[in-house]
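Residue numbers (our numbering): 23 to 387.
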């Protein structure tokens, strides 16, 4: 565990220290987010923060390579592939932050990065659906690419309030770190050092290091360079574990073993995925293109019902934690205890979401 703690600290420290320099680069290159009708900020804010996040992840990988146990993960090309793929989407996103690319170019960059990860071994080898379902390799590669594209765009969709995307991804990565660590410990022979657990730990650190610069009022936005990078890294963690684990290692309970291997990876990113799906359905029904922006995302709705900027973000953090950590609790505990805890937390979330604006309409957070 101490090696994971070190990786997390390095990722957080390097991201935190690198971000002010990235902000200077954003100002110098004119990478600003203009004030648009759907935005909630009042003045143009520099973006390009994903470069600092990527630097933090690379630093964590370099430190991990020198460690006695995590260093063994570099005997394969998986982490190198994730670092290279992250560099591709970060670069594509950085160009978009500076000059704005068309959607097709960004999609091509995501597909290239996903294909590179699959080539280096970061791909689904099976689907944990009611046991282990083996499909032809081309089909599994296609699923891998689709997971990466869905994850990167889901994070991009939810990046609408200061600190929201970084916080939600950080919570998701923390939940998946716990899940991956527990599942890896059940391997025969036991081995808690896995690519998925390393990526999750480093990702928690990157988000923690970036949030002080990004929480409201933000001094720097992550931009597409950050959203695409975070989405790809989280998808890499889920792919390397989800498609390579025996459901029986997740839970001794047959029902839990059947559902949790696919439920947990979906749950950790449920909030961004839900926002993305609702946006696509909403825009398609209105005769718009799915990628055409609007001001009807979940965070916009939170503001409309009376929450202020910070409180809306904190309540969405709460919902991300309820779903992500709640799903992992079923791996930790048996019986009705996790269901009772998740139910109580969800009830509290509903009260805070719906009734808090009536009790305290003027937010001071």
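Using N, Cα and C, we set each Cβ at its ideal position, and we do this for glycine too.
In this text, all values refer to a predicted model and were calculated from it rather than measured experimentally.
Quick check: what's the CA-CA separation for residue i versus residue j?
i, j, result
"residue 190", "residue 339", "6 Å"
"residue 293", "residue 187", "10 Å"
"residue 127", "residue 359", "48 Å"
"residue 158", "residue 124", "33 Å"
"residue 143", "residue 362", "39 Å"
"residue 26", "residue 259", "14 Å"
"residue 249", "residue 177", "6 Å"
"residue 331", "residue 183", "7 Å"
"residue 181", "residue 336", "14 Å"
"residue 185", "residue 31", "19 Å"
"residue 70", "residue 163", "30 Å"
"residue 355", "residue 140", "34 Å"
"residue 375", "residue 334", "8 Å"
"residue 368", "residue 288", "18 Å"
"residue 262", "residue 80", "18 Å"
"residue 120", "residue 247", "10 Å"
"residue 98", "residue 217", "10 Å"
"residue 304", "residue 93", "46 Å"
"residue 156", "residue 170", "20 Å"
"residue 269", "residue 343", "Here the model assigns residue 269 a pLDDT of 48, short of 50, so the residue's position is not dependable, and the following value carries that caveat. If I take the Cα positions, the gap works out to 23 Å."
"residue 46", "residue 254", "25 Å"
"residue 172", "residue 370", "30 Å"
"residue 197", "residue 236", "22 Å"
By the three-class DSSP mapping on this structure, what secondary structure does residue i have?
i, result
"residue 215", "coil"
"residue 122", "coil"
"residue 242", "coil"
"residue 55", "strand"
"residue 69", "strand"
"residue 149", "strand"
"residue 23", "coil"
"residue 99", "coil"
"residue 41", "helix"
"residue 156", "coil"
"residue 276", "Since pLDDT at residue 276 reaches only 43, below the 50 mark, its modelled position is unreliable, and no value is offered."
"residue 399", "Outside the displayed range of the chain (23 to 387) lies residue 399, so it cannot be described from this structure."
"residue 87", "helix"
"residue 254", "helix"
"residue 182", "coil"
"residue 29", "helix"
"residue 234", "helix"
So, is the C-beta of residue i closer than 8 Å to a C-beta in chain C?
i, result
"residue 352", "In the structure shown, chain C cannot be found, because there is only a single protein chain."
Along the chain, where does the alpha helix (DSSP H) containing residue i start, and where does it finish?
i, result
"residue 192", "186 to 207"
"residue 334", "331 to 354"
"residue 371", "359 to 376"
"residue 323", "320 to 326"
"residue 142", "No alpha helix (DSSP H) contains residue 142, which DSSP labels as neither H nor E."
"residue 294", "292 to 307"
Determine whether the beta carbon atoms of residue i and residue j lie at a separation below 8 Å.
i, j, result
"residue 95", "residue 194", "no"
"residue 48", "residue 68", "yes"
"residue 149", "residue 166", "no"
"residue 106", "residue 220", "no"
"residue 82", "residue 136", "no"
"residue 213", "residue 222", "no"
"residue 379", "residue 329", "yes"
"residue 55", "residue 243", "yes"
"residue 204", "residue 353", "yes"
"residue 349", "residue 286", "yes"
"residue 215", "residue 76", "no"
"residue 134", "residue 103", "no"
"residue 116", "residue 78", "no"
Any chance the segment 229 to 249 sits against the segment 29 to 45, with 3 or more Cβ pairs inside 8 Å?
The answer is yes - the segment 29 to 45 touches the segment 229 to 249, with three or more Cβ pairs under 8 Å.
Say whether the segment 287 to 305 touches the segment 322 to 337, bearing in mind that this needs 3 or more beta-carbon pairs closer than 8 Å, one atom from each stretch.
No, the segment 287 to 305 is not in contact with the segment 322 to 337.
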